[in-house]
Amino acid sequence: MSADRYEIRSKIGQGGVGAVYRAFDRHLNREVAIKRVLPEGGYENQEEATKAMLNEAASLCSVQHPNIVTVFDAGVDNDGPYVVMELLSGRTIDEMVDRGTLTFQDFREVALQSQEALIAAQELDLVHRDIKPTNVMVTWLPSGRFQVKLVDFGLAKFSPKPSPQTIDHGDSVFGSIHFMAPEQFERTPLDKRTDMYSMGCVYYYTLAGVYPFDGETAPQVMNAHLQHQIKPLREHRPDLPQWLCQWVMWHLARQIAERPRDARESLKLFLMSENNTENSASQIPLVSTPTLNAAPQMNVPSAAPVATQISPVIPHVTGPVNTATAPQPILPPEGNPPSIHTEAQMVSPLVIPTPVEPMAPAPDMPNDRKPTGAPAQASMAPPKIEVPAAKAAAAAPKLIIPNSPVQAP
74 MSADRYEIRS KIGQGGVGAV YRAFDRHLNR EVAIKRVLPE GGYENQEEAT
124 KAMLNEAASL CSVQHPNIVT VFDAGVDNDG PYVVMELLSG RTIDEMVDRG
174 TLTFQDFREV ALQSQEALIA AQELDLVHRD IKPTNVMVTW LPSGRFQVKL
224 VDFGLAKFSP KPSPQTIDHG DSVFGSIHFM APEQFERTPL DKRTDMYSMG
274 CVYYYTLAGV YPFDGETAPQ VMNAHLQHQI KPLREHRPDL PQWLCQWVMW
324 HLARQIAERP RDARESLKLF LMSENNTENS ASQIPLVSTP TLNAAPQMNV
374 PSAAPVATQI SPVIPHVTGP VNTATAPQPI LPPEGNPPSI HTEAQMVSPL
424 VIPTPVEPMA PAPDMPNDRK PTGAPAQASM APPKIEVPAA KAAAAAPKLI
474 IPNSPVQAP
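The end of the sequence shown is residue 482 by my numbering, with every number in the run present.
Here it is in C-alpha coordinates:
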(Lines of atoms letter the chains of each structure in order from A and count residues from 1; the text may use other names and numbers.)
(Lines give C-alpha, C1' and ligand atoms only; values in the text may rest on other atoms or scores of the structure.)
Protein backbone atom coordinates (compact mmCIF):
# COMPACT_ATOMS: atom_id res chain seq x y z
CA MET A 1 0.00 0.00 0.00
CA SER A 2 1.42 3.35 -1.01
CA ALA A 3 2.09 5.61 1.97
CA ASP A 4 2.09 8.53 -0.46
CA ARG A 5 -1.53 7.81 -1.33
CA TYR A 6 -3.14 6.62 1.92
CA GLU A 7 -2.72 8.44 5.22
CA ILE A 8 -3.74 6.31 8.24
CA ARG A 9 -5.55 8.58 10.71
CA SER A 10 -7.05 6.37 13.41
CA LYS A 11 -8.11 2.84 14.31
CA ILE A 12 -11.83 2.27 13.97
CA GLY A 13 -12.16 -1.21 15.38
CA GLN A 14 -10.74 -4.67 15.69
CA GLY A 15 -12.30 -8.05 15.08
CA GLY A 16 -11.18 -11.58 15.67
CA VAL A 17 -8.87 -11.70 12.66
CA GLY A 18 -8.33 -8.12 11.58
CA ALA A 19 -8.45 -4.40 12.25
CA VAL A 20 -10.09 -1.51 10.39
CA TYR A 21 -8.53 1.94 10.12
CA ARG A 22 -9.80 5.35 9.08
CA ALA A 23 -7.57 6.74 6.34
CA PHE A 24 -7.44 9.49 3.74
CA ASP A 25 -6.94 8.89 0.01
CA ARG A 26 -4.75 11.77 -1.16
CA HIS A 27 -5.19 10.94 -4.85
CA LEU A 28 -9.00 11.06 -4.80
CA ASN A 29 -9.34 13.45 -1.85
CA ARG A 30 -11.71 11.31 0.22
CA GLU A 31 -11.84 9.39 3.48
CA VAL A 32 -11.73 5.61 3.24
CA ALA A 33 -11.60 2.56 5.49
CA ILE A 34 -8.62 0.20 5.29
CA LYS A 35 -8.89 -3.35 6.60
CA ARG A 36 -5.82 -5.38 7.55
CA VAL A 37 -5.28 -8.83 9.03
CA LEU A 38 -3.56 -8.68 12.40
CA PRO A 39 -0.49 -10.88 12.93
CA GLU A 40 -2.22 -12.44 15.95
CA GLY A 41 -5.49 -12.70 14.09
CA GLY A 42 -5.63 -16.48 14.22
CA TYR A 43 -4.50 -17.43 10.72
CA GLU A 44 -1.87 -20.14 10.67
CA ASN A 45 0.33 -18.36 8.13
CA GLN A 46 0.61 -15.21 6.08
CA GLU A 47 -0.39 -17.01 2.90
CA GLU A 48 -3.71 -18.02 4.46
CA ALA A 49 -4.33 -14.47 5.69
CA THR A 50 -3.55 -13.02 2.28
CA LYS A 51 -5.87 -15.44 0.55
CA ALA A 52 -8.73 -14.65 2.95
CA MET A 53 -8.33 -10.89 2.62
CA LEU A 54 -8.09 -10.88 -1.16
CA ASN A 55 -11.05 -13.24 -1.32
CA GLU A 56 -13.10 -10.61 0.50
CA ALA A 57 -11.96 -7.94 -1.95
CA ALA A 58 -12.84 -10.11 -4.94
CA SER A 59 -16.25 -10.90 -3.46
CA LEU A 60 -17.11 -7.27 -2.87
CA CYS A 61 -15.69 -5.94 -6.13
CA SER A 62 -18.02 -8.26 -8.01
CA VAL A 63 -21.10 -6.76 -6.32
CA GLN A 64 -22.12 -3.16 -6.98
CA HIS A 65 -25.17 -2.34 -4.90
CA PRO A 66 -26.21 0.60 -2.67
CA ASN A 67 -26.89 -1.79 0.23
CA ILE A 68 -23.47 -3.48 0.11
CA VAL A 69 -20.23 -1.78 1.15
CA THR A 70 -18.09 -0.72 -1.84
CA VAL A 71 -14.45 -1.81 -2.30
CA PHE A 72 -12.04 0.65 -3.96
CA ASP A 73 -8.68 -1.12 -3.87
CA ALA A 74 -6.88 -4.22 -2.59
CA GLY A 75 -3.37 -5.60 -2.53
CA VAL A 76 -0.43 -6.88 -0.51
CA ASP A 77 2.51 -4.90 0.88
CA ASN A 78 5.25 -5.46 3.47
CA ASP A 79 2.68 -5.39 6.27
CA GLY A 80 0.45 -7.97 4.63
CA PRO A 81 -2.83 -7.89 2.70
CA TYR A 82 -5.16 -4.91 2.80
CA VAL A 83 -8.52 -3.85 1.42
CA VAL A 84 -9.52 -0.21 0.85
CA MET A 85 -13.25 0.28 1.05
CA GLU A 86 -16.04 2.77 1.58
CA LEU A 87 -15.94 4.49 4.97
CA LEU A 88 -19.32 4.12 6.65
CA SER A 89 -20.56 6.52 9.29
CA GLY A 90 -23.46 5.07 11.21
CA ARG A 91 -24.40 2.35 13.66
CA THR A 92 -24.57 -1.41 13.52
CA ILE A 93 -27.83 -3.26 14.14
CA ASP A 94 -26.23 -4.50 17.36
CA GLU A 95 -25.86 -0.91 18.55
CA MET A 96 -29.42 -0.09 17.51
CA VAL A 97 -30.86 -2.99 19.54
CA ASP A 98 -28.85 -1.89 22.58
CA ARG A 99 -31.14 1.13 22.83
CA GLY A 100 -34.34 -0.72 21.99
CA THR A 101 -35.94 -3.17 19.58
CA LEU A 102 -37.12 -1.85 16.23
CA THR A 103 -40.59 -0.57 15.46
CA PHE A 104 -42.53 -2.19 12.64
CA GLN A 105 -41.96 0.79 10.31
CA ASP A 106 -38.19 0.82 10.77
CA PHE A 107 -37.91 -2.97 10.68
CA ARG A 108 -39.76 -2.96 7.37
CA GLU A 109 -37.06 -0.76 5.84
CA VAL A 110 -34.27 -2.88 7.33
CA ALA A 111 -35.89 -6.06 6.00
CA LEU A 112 -36.51 -4.75 2.47
CA GLN A 113 -33.05 -3.22 2.06
CA SER A 114 -31.19 -6.21 3.50
CA GLN A 115 -33.13 -8.58 1.25
CA GLU A 116 -32.21 -6.44 -1.76
CA ALA A 117 -28.55 -6.68 -0.73
CA LEU A 118 -28.81 -10.46 -0.54
CA ILE A 119 -30.52 -10.60 -3.94
CA ALA A 120 -27.56 -8.77 -5.50
CA ALA A 121 -25.07 -11.14 -3.85
CA GLN A 122 -27.06 -14.28 -4.63
CA GLU A 123 -27.39 -13.41 -8.29
CA LEU A 124 -23.61 -13.89 -8.41
CA ASP A 125 -23.88 -17.14 -6.40
CA LEU A 126 -22.18 -15.45 -3.46
CA VAL A 127 -22.78 -16.86 0.02
CA HIS A 128 -21.83 -14.48 2.85
CA ARG A 129 -21.62 -17.15 5.60
CA ASP A 130 -21.22 -14.67 8.49
CA ILE A 131 -24.35 -12.50 8.60
CA LYS A 132 -24.81 -11.06 12.09
CA PRO A 133 -25.96 -7.74 13.64
CA THR A 134 -22.45 -6.25 13.62
CA ASN A 135 -22.25 -6.89 9.86
CA VAL A 136 -25.46 -4.96 9.11
CA MET A 137 -24.93 -1.21 9.37
CA VAL A 138 -27.36 1.70 9.27
CA THR A 139 -26.22 5.01 7.77
CA TRP A 140 -28.19 8.21 7.23
CA LEU A 141 -28.70 10.03 3.95
CA PRO A 142 -28.99 13.83 3.60
CA SER A 143 -32.73 13.41 2.98
CA GLY A 144 -33.15 11.98 6.47
CA ARG A 145 -33.83 8.41 5.36
CA PHE A 146 -31.61 5.65 6.64
CA GLN A 147 -29.75 3.19 4.45
CA VAL A 148 -28.81 -0.39 5.32
CA LYS A 149 -25.33 -1.65 4.38
CA LEU A 150 -24.22 -5.28 4.46
CA VAL A 151 -20.51 -5.46 5.32
CA ASP A 152 -17.65 -7.90 6.00
CA PHE A 153 -17.66 -10.50 3.26
CA GLY A 154 -14.45 -12.01 4.66
CA LEU A 155 -15.97 -15.51 4.80
CA ALA A 156 -17.91 -15.21 1.55
CA LYS A 157 -17.56 -17.89 -1.09
CA PHE A 158 -18.70 -18.13 -4.68
CA SER A 159 -20.91 -21.19 -4.61
CA PRO A 160 -23.02 -21.92 -7.70
CA LYS A 161 -23.75 -25.29 -6.08
CA PRO A 162 -24.02 -26.19 -2.37
CA SER A 163 -20.52 -26.38 -0.91
CA PRO A 164 -19.28 -27.92 2.34
CA GLN A 165 -18.50 -25.67 5.30
CA THR A 166 -14.85 -24.68 5.10
CA ILE A 167 -12.88 -26.00 8.05
CA ASP A 168 -10.33 -23.52 9.37
CA HIS A 169 -7.93 -23.43 12.31
CA GLY A 170 -7.64 -27.18 12.64
CA ASP A 171 -11.06 -28.54 13.53
CA SER A 172 -13.05 -25.31 14.07
CA VAL A 173 -15.31 -23.26 11.85
CA PHE A 174 -15.59 -19.53 11.29
CA GLY A 175 -18.80 -17.74 12.11
CA SER A 176 -20.79 -16.15 14.93
CA ILE A 177 -22.37 -18.93 16.93
CA HIS A 178 -25.69 -17.19 17.74
CA PHE A 179 -26.35 -16.58 14.04
CA MET A 180 -24.90 -19.68 12.37
CA ALA A 181 -27.14 -22.13 10.53
CA PRO A 182 -27.31 -25.78 11.68
CA GLU A 183 -25.55 -26.98 8.53
CA GLN A 184 -22.52 -24.87 9.45
CA PHE A 185 -22.11 -26.85 12.68
CA GLU A 186 -22.72 -30.14 10.90
CA ARG A 187 -20.23 -29.41 8.09
CA THR A 188 -22.89 -30.19 5.50
CA PRO A 189 -23.29 -28.29 2.19
CA LEU A 190 -24.06 -24.56 2.39
CA ASP A 191 -25.95 -22.43 -0.11
CA LYS A 192 -28.12 -19.31 -0.29
CA ARG A 193 -30.51 -20.69 2.31
CA THR A 194 -27.70 -20.65 4.86
CA ASP A 195 -27.60 -16.86 4.60
CA MET A 196 -31.40 -16.75 4.80
CA TYR A 197 -31.23 -18.52 8.18
CA SER A 198 -28.57 -16.17 9.54
CA MET A 199 -30.50 -13.12 8.34
CA GLY A 200 -33.61 -14.55 10.00
CA CYS A 201 -31.66 -14.73 13.26
CA VAL A 202 -30.76 -11.05 12.84
CA TYR A 203 -34.42 -10.15 12.17
CA TYR A 204 -35.55 -12.05 15.27
CA TYR A 205 -32.90 -10.29 17.35
CA THR A 206 -33.87 -6.81 16.12
CA LEU A 207 -37.54 -7.38 16.98
CA ALA A 208 -37.28 -9.43 20.19
CA GLY A 209 -34.10 -7.98 21.68
CA VAL A 210 -32.85 -11.50 22.52
CA TYR A 211 -31.04 -14.20 20.58
CA PRO A 212 -33.37 -16.70 18.93
CA PHE A 213 -31.06 -19.54 19.98
CA ASP A 214 -29.19 -19.06 23.24
CA GLY A 215 -27.44 -20.84 26.07
CA GLU A 216 -24.93 -20.33 28.85
CA THR A 217 -22.13 -22.00 26.91
CA ALA A 218 -21.16 -22.33 23.26
CA PRO A 219 -22.17 -26.02 23.14
CA GLN A 220 -25.60 -25.11 24.54
CA VAL A 221 -26.08 -22.45 21.86
CA MET A 222 -25.04 -24.91 19.17
CA ASN A 223 -27.43 -27.51 20.56
CA ALA A 224 -30.25 -24.93 20.56
CA HIS A 225 -29.72 -24.47 16.82
CA LEU A 226 -29.52 -28.19 16.14
CA GLN A 227 -32.55 -29.10 18.28
CA HIS A 228 -34.42 -25.96 17.11
CA GLN A 229 -35.09 -24.71 20.63
CA ILE A 230 -36.69 -21.36 19.90
CA LYS A 231 -39.61 -19.37 21.23
CA PRO A 232 -42.05 -18.10 18.56
CA LEU A 233 -41.41 -14.44 17.80
CA ARG A 234 -45.04 -13.56 18.41
CA GLU A 235 -44.64 -14.41 22.10
CA HIS A 236 -42.09 -11.60 22.32
CA ARG A 237 -43.95 -9.15 20.06
CA PRO A 238 -47.74 -9.68 20.07
CA ASP A 239 -48.05 -6.12 18.74
CA LEU A 240 -46.64 -7.16 15.35
CA PRO A 241 -48.76 -8.53 12.50
CA GLN A 242 -49.01 -12.30 12.57
CA TRP A 243 -47.84 -12.57 8.96
CA LEU A 244 -44.63 -10.70 9.81
CA CYS A 245 -43.82 -13.01 12.72
CA GLN A 246 -44.41 -16.04 10.52
CA TRP A 247 -42.26 -14.51 7.78
CA VAL A 248 -39.32 -14.15 10.19
CA MET A 249 -39.81 -17.66 11.60
CA TRP A 250 -39.88 -19.04 8.05
CA HIS A 251 -36.22 -18.08 7.67
CA LEU A 252 -35.38 -20.00 10.84
CA ALA A 253 -36.65 -23.39 9.70
CA ARG A 254 -34.42 -26.19 11.00
CA GLN A 255 -34.36 -28.02 7.69
CA ILE A 256 -32.71 -26.09 4.88
CA ALA A 257 -35.36 -27.18 2.34
CA GLU A 258 -38.12 -25.52 4.41
CA ARG A 259 -36.58 -22.03 4.26
CA PRO A 260 -36.97 -19.44 1.49
CA ARG A 261 -35.13 -20.62 -1.62
CA ASP A 262 -33.43 -17.25 -1.86
CA ALA A 263 -33.84 -13.58 -1.00
CA ARG A 264 -35.95 -12.90 -4.07
CA GLU A 265 -38.61 -15.38 -2.94
CA SER A 266 -38.46 -13.98 0.60
CA LEU A 267 -38.91 -10.39 -0.56
CA LYS A 268 -41.74 -11.33 -2.91
CA LEU A 269 -43.72 -13.03 -0.15
CA PHE A 270 -43.08 -10.14 2.24
CA LEU A 271 -44.61 -7.65 -0.20
CA MET A 272 -47.49 -9.96 -1.10
CA SER A 273 -48.33 -10.49 2.57
CA GLU A 274 -48.12 -6.80 3.37
CA ASN A 275 -50.50 -5.90 0.55
CA ASN A 276 -52.96 -8.70 1.29
CA THR A 277 -53.43 -8.48 5.04
CA GLU A 278 -56.61 -10.59 5.11
CA ASN A 279 -54.95 -13.78 3.85
CA SER A 280 -51.31 -12.86 4.38
CA ALA A 281 -50.56 -15.28 7.22
CA SER A 282 -51.85 -18.25 5.23
CA GLN A 283 -49.40 -17.50 2.38
CA ILE A 284 -46.29 -18.00 4.52
CA PRO A 285 -45.11 -21.55 5.33
CA LEU A 286 -45.50 -22.45 9.00
CA VAL A 287 -42.42 -23.47 10.96
CA SER A 288 -42.78 -25.95 13.81
CA THR A 289 -41.09 -25.15 17.12
CA PRO A 290 -40.30 -27.59 19.95
CA THR A 291 -41.05 -27.05 23.61
CA LEU A 292 -38.33 -25.16 25.46
CA ASN A 293 -38.61 -26.78 28.89
CA ALA A 294 -36.92 -30.00 27.83
CA ALA A 295 -33.39 -30.57 29.13
CA PRO A 296 -30.80 -29.55 26.54
CA GLN A 297 -29.00 -32.38 24.78
CA MET A 298 -25.28 -31.75 24.76
CA ASN A 299 -24.26 -34.66 22.52
CA VAL A 300 -24.31 -33.44 18.93
CA PRO A 301 -24.59 -36.33 16.44
CA SER A 302 -22.72 -36.20 13.15
CA ALA A 303 -25.97 -36.59 11.20
CA ALA A 304 -28.61 -33.90 11.24
CA PRO A 305 -30.95 -34.47 14.20
CA VAL A 306 -34.69 -34.43 13.70
CA ALA A 307 -36.36 -31.47 15.39
CA THR A 308 -39.13 -32.32 17.83
CA GLN A 309 -42.49 -31.51 16.26
CA ILE A 310 -45.40 -29.79 17.96
CA SER A 311 -48.45 -28.00 16.64
CA PRO A 312 -47.28 -25.79 13.75
CA VAL A 313 -49.64 -22.99 14.72
CA ILE A 314 -48.01 -19.81 15.94
CA PRO A 315 -50.08 -18.82 18.98
CA HIS A 316 -51.81 -15.50 19.22
CA VAL A 317 -50.51 -13.84 22.37
CA THR A 318 -52.15 -10.82 23.89
CA GLY A 319 -50.75 -8.48 26.48
CA PRO A 320 -47.75 -6.19 26.72
CA VAL A 321 -44.75 -6.48 24.45
CA ASN A 322 -42.35 -9.01 25.98
CA THR A 323 -38.94 -7.83 24.79
CA ALA A 324 -35.68 -7.00 26.49
CA THR A 325 -36.33 -3.33 25.74
CA ALA A 326 -39.41 -1.58 24.42
CA PRO A 327 -39.51 -0.94 20.65
CA GLN A 328 -37.75 2.29 19.71
CA PRO A 329 -37.64 4.18 16.38
CA ILE A 330 -34.30 4.33 14.59
CA LEU A 331 -32.91 7.75 15.45
CA PRO A 332 -29.80 9.16 13.77
CA PRO A 333 -26.84 10.43 15.82
CA GLU A 334 -27.09 13.96 17.15
CA GLY A 335 -26.90 16.57 14.44
CA ASN A 336 -28.46 14.37 11.75
CA PRO A 337 -32.09 14.54 10.66
CA PRO A 338 -34.37 11.68 11.69
CA SER A 339 -35.47 8.97 9.32
CA ILE A 340 -38.65 9.48 7.36
CA HIS A 341 -40.40 6.99 9.64
CA THR A 342 -39.18 8.34 12.97
CA GLU A 343 -39.97 11.89 11.88
CA ALA A 344 -43.55 10.82 11.21
CA GLN A 345 -43.76 9.33 14.69
CA MET A 346 -42.46 12.47 16.42
CA VAL A 347 -44.49 15.09 14.54
CA SER A 348 -48.26 15.31 14.80
CA PRO A 349 -49.84 14.56 11.44
CA LEU A 350 -51.52 17.33 9.49
CA VAL A 351 -55.25 16.71 9.36
CA ILE A 352 -56.90 17.87 6.15
CA PRO A 353 -60.70 18.00 6.30
CA THR A 354 -62.55 15.97 3.71
CA PRO A 355 -64.66 18.20 1.44
CA VAL A 356 -68.39 17.71 1.86
CA GLU A 357 -70.31 16.83 -1.25
CA PRO A 358 -73.36 19.08 -1.87
CA MET A 359 -76.65 17.42 -1.01
CA ALA A 360 -78.96 16.50 -3.86
CA PRO A 361 -82.32 18.35 -3.81
CA ALA A 362 -85.19 16.33 -2.41
CA PRO A 363 -87.93 15.31 -4.88
CA ASP A 364 -91.21 17.19 -4.86
CA MET A 365 -93.78 15.72 -2.54
CA PRO A 366 -97.55 16.15 -2.53
CA ASN A 367 -98.78 18.90 -0.24
CA ASP A 368 -100.57 16.45 2.00
CA ARG A 369 -97.30 14.49 2.60
CA LYS A 370 -94.96 17.44 3.22
CA PRO A 371 -93.78 17.65 6.84
CA THR A 372 -94.98 20.57 8.86
CA GLY A 373 -93.32 22.38 11.73
CA ALA A 374 -89.82 21.04 10.91
CA PRO A 375 -87.02 23.60 10.84
CA ALA A 376 -85.67 24.49 7.44
CA GLN A 377 -82.35 22.84 6.48
CA ALA A 378 -79.45 25.12 5.63
CA SER A 379 -78.26 24.64 2.08
CA MET A 380 -74.90 22.72 1.84
CA ALA A 381 -74.41 23.64 -1.82
CA PRO A 382 -71.74 26.25 -2.61
CA PRO A 383 -72.96 29.63 -3.91
CA LYS A 384 -73.67 29.61 -7.63
CA ILE A 385 -71.73 32.08 -9.74
CA GLU A 386 -73.47 33.30 -12.87
CA VAL A 387 -71.15 33.62 -15.88
CA PRO A 388 -72.40 35.28 -19.09
CA ALA A 389 -72.52 32.87 -22.00
CA ALA A 390 -70.15 34.95 -24.12
CA LYS A 391 -67.49 35.09 -21.41
CA ALA A 392 -67.89 31.40 -20.62
CA ALA A 393 -67.32 30.50 -24.27
CA ALA A 394 -64.23 32.67 -24.40
CA ALA A 395 -62.84 31.18 -21.17
CA ALA A 396 -63.43 27.54 -22.11
CA PRO A 397 -60.16 25.86 -23.24
CA LYS A 398 -60.01 24.18 -26.61
CA LEU A 399 -58.64 20.66 -27.02
CA ILE A 400 -55.99 20.64 -29.75
CA ILE A 401 -55.51 17.23 -31.37
CA PRO A 402 -52.27 17.07 -33.40
CA ASN A 403 -52.47 15.89 -37.03
CA SER A 404 -56.24 15.92 -36.98
CA PRO A 405 -58.43 17.94 -39.37
CA VAL A 406 -61.12 18.14 -36.72
CA GLN A 407 -60.68 20.29 -33.63
CA ALA A 408 -62.80 19.91 -30.57
CA PRO A 409 -65.06 22.88 -29.92
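We put the beta carbon where it would ideally sit given N, CA and C, even for glycine.
Only counting runs of 4 or more residues, tell me where the alpha helix (DSSP H) segments fall wholly within the stretch 161 to 210, in order along the chain.
-> 166 to 171, 177 to 195
Three or more C-beta pairs closer than 8 Å, one from the stretch 330 to 345 and one from the stretch 182 to 197: is that the case here?
-> Flag = yes, the stretch 330 to 345 and the stretch 182 to 197 touch.
Does the Cβ of residue 176 have 16 or more other Cβ atoms within 10 Å, making it buried, or fewer, making it exposed?
-> Result: buried.
Could you please give me the residues that DSSP links to residue 277 through a beta bridge?
-> Beta-bridge pairing links residue 277 to no other residue.
For residue 201 and residue 274, the rounded distance between their alpha carbons | 14 Å
Could you work out which residue in 79, 216, 311 is closest to residue 99 when comparing CA atoms only?
-> 79
Can you list, in chain order, the residues of its chain whose CB lies under 7 Å from that of residue 74, leaving out five sequence neighbours each side?
-> Around residue 74: 148, 150, 155.
Which partner residues of residue 337 appear in the DSSP bridge assignment?
-> According to DSSP, residue 337 bridges with nothing at all.
Should residue 341 be labelled buried (16 or more other beta-carbon atoms within 10 Å of its own) or exposed?
-> Of the residues assessed, residue 341 falls on the exposed side of the cut-off, its CB having fewer than 16 other CB atoms within 10 angstroms.
Where residue 226 sits in the DSSP three-state scheme | coil
Select from 143, 164, 167, 327 the residue whose C-alpha is nearest the C-alpha of residue 157.
-> 143
For residue 160, does the count of other Cβ atoms within 10 angstroms reach 16, so buried, or fall short, so exposed?
-> buried
Inter-stretch contact at 8 Å, needing at least 3 Cβ pairs: the stretch 211 to 226 / the stretch 307 to 318 | no
Status (buried if at least 16 other CB within 10 Å, exposed otherwise) for residue 86 = exposed
With DSSP run on the structure shown, which of helix, strand or coil describes residue 265?
-> helix
Sequence-distant residues of the same chain with beta carbon closer than 6 Å to residue 255, five excluded per side = 298, 299
Which whole-angstrom value is the C-beta distance of residue 279 and residue 174, which I expect to be below 8 Å?
-> 6 Å
Residues that DSSP places opposite residue 86 in a beta bridge = 93
Using beta-carbon positions only, say whether residue 295 and residue 250 come within less than 8 Å of one another.
-> yes
Classify residue 203 as buried or exposed, calling it buried when 16 or more other Cβ atoms lie within 10 Å of its own Cβ.
-> buried
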